[in-house]
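Student: For the sequence shown, the numbering used here gives the first residue as 4, with consecutive numbering after it. This structure is in structure tokens; I'll ask about it shortly.
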Amino acid sequence: MGSDLLPFLGMIMVILAQVSSMVITKAAMSSGVNKYVLIVYSNALSSLILLPCSFIFHRSVRLPFTSSNLYGLIFSLALIGCVGQLCGYAGIQYSSPTMATAMLNLVPAFPFILATICRMEQLKWRSTSSQAKVLGTIISITGAFVVTFYKGPIILSVQSLVLLPHQLLFSPHLNWVLGGLLLAAEAFINSAWYIIQLHWPSKAEFRDQPTSHRR
Numbered sequence: 004m005g006s007d008l009l010p011f012l013g014m015i016m017v018i019l020a021q022v023s024s025m026v027i028t029k030a031a032m033s034s035g036v037n038k039y040v041l042i043v044y045s046n047a048l049s050s051l052i053l054l055p056c057s058f059i060f061h062r063s064v065r066l067p068f069t070s071s072n073l074y075g076l077i078f079s080l081a082l083i084g085c086v087g088q089l090c091g092y093a094g095i096q097y098s099s100p101t102m103a104t105a106m107l108n109l110v111p112a113f114p115f116i117l118a119t120i121c122r123m124e125q126l127k128w129r130s131t132s133s134q135a136k137v138l139g140t141i142i143s144i145t146g147a148f149v150v151t152f153y154k155g156p157i158i159l160s161v162q163s164l165v166l167l168p169h170q171l172l173f174s175p176h177l178n179w180v181l182g183g184l185l186l187a188a189e190a191f192i193n194s195a196w197y198i199i200q201l202h203w204p205s206k207a208e209f210r211d212q213p214t215s216h217r218r
């Protein structure tokens, strides 16, 4: 029973970490910090944490560095991830962490659509599982459109400490819509990022690689 709850607890911790990051990011940008600076700092901190972990826990895995496809994969994932980060930070800047949290519901919907297009997911209309996935995708996308194009009345009015020049160009409603569209673009880009990693036939090659080196 306890082992079955671990994935759910892990996902709850991930959502809490994402929401906390969005709130901190919005507060930093409202105080005048540039989103490009935040992206550089976040990537630098992630590299400092993840690089030592990869050397410690994955020392026995030897990647096929002679393959040109590997370099193309690394470059593609880095480029797509950077573009997704830009869209996400810009979307939070134009909208709010509440909007960004609501748009997280698109992350399960877009991978399902892309996996179906890439024939990684089989869609069976008579299957209850497929019907539930289609219904959930429609509800997620519809909810994202509602949140994007409808902004309710302000409950708590909190003014930013610094008013950035680009915030004067658009009305608050246009800023809200633009932020929602950017966050939707981030969800789509992140979904494509996941699909590329799953679609790339490299895991089996990596598992067999240490055996070939021993020969």
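Heads up, the beta-carbon is just placed ideally off N, CA and C, and yes, glycines get one too.
According to DSSP, is residue 37 helix, strand or coil?
Tutor: coil
Student: How many Å lie between residue 73 and residue 7 at the Cα?
Tutor: Distance between the alpha carbons of residue 73 and residue 7 is about 35 Å.
Student: Could you tell me if residue 98 is buried or exposed, where buried requires 16 or more neighbouring beta carbons within 10 angstroms of its beta carbon?
Tutor: Counting the other CB atoms within 10 Å of its CB gives residue 98 a total of 16 or more, which places it among the buried residues.
Student: Could one say the Cβ of residue 83 lies closer than 9 Å to chain B's Cβ atoms, at least one of them?
Tutor: Here chain B cannot be found, since the structure has a single protein chain.
Student: Once DSSP output is grouped into helix, strand and coil, what is the label at residue 178?
Tutor: helix
Student: Looking at the unbroken alpha helix (DSSP H) that takes in residue 117, where does it start and where does it end?
Tutor: That run of the alpha helix (DSSP H) goes 109-120.
Student: Count the other CB atoms, across all protein chains shown, that sit within 10 Å of the CB of residue 194; report buried if there are 16 or more and exposed otherwise.
Tutor: Its Cβ being crowded by 16 or more others within 10 Å, residue 194 is buried.
Student: Does the count of Cβ pairs from the segment 182-202 and the segment 84-102 closer than 8 Å reach three?
Tutor: yes
Student: Name the residue from 83, 39, 88 and 101 whose alpha carbon lies nearest to the alpha carbon of residue 150.
Tutor: 101
Student: Please state whether the Cβ-Cβ distance between residue 38 and residue 89 is less than 9 Å.
Tutor: For residue 38 and residue 89, yes; Cβs fall inside 9 Å.
Student: DSSP state of residue 32, grouped into three classes?
Tutor: helix
Student: For residue 103, which of 12, 75, 187 and 84 has the nearest alpha-carbon?
Tutor: Checked all of 12, 75, 187 and 84; the closest Cα to residue 103 is 187.
Student: Below 8 Å on the Cβ atoms is my contact criterion, and I expect residue 191 with residue 78 to pass it. Report the Cβ-Cβ distance as a whole number of Å.
Tutor: So it is not a contact: roughly 20 Å between Cβ atoms.
Student: Would residue 118 and residue 198 qualify as a contact pair, given that the criterion is a beta-carbon distance under 9 Å?
Tutor: In contact: residue 118 and residue 198 (Cβ atoms closer than 9 Å).
Student: Taking just the CA atoms, how far does residue 127 sit from residue 108?
Tutor: 23 Å
Student: If I follow the unbroken alpha helix (DSSP H) through residue 136, where does it start and stop?
Tutor: Segment 131-152, the alpha helix (DSSP H) holding residue 136.
Student: In angstroms with no decimal places, state the Cα-to-Cα distance between residue 75 and residue 135.
Tutor: Between residue 75 and residue 135, the C-alpha separation is close to 36 Å.
Student: Straight-line CA distance for residue 40 to residue 110?
Tutor: 25 Å
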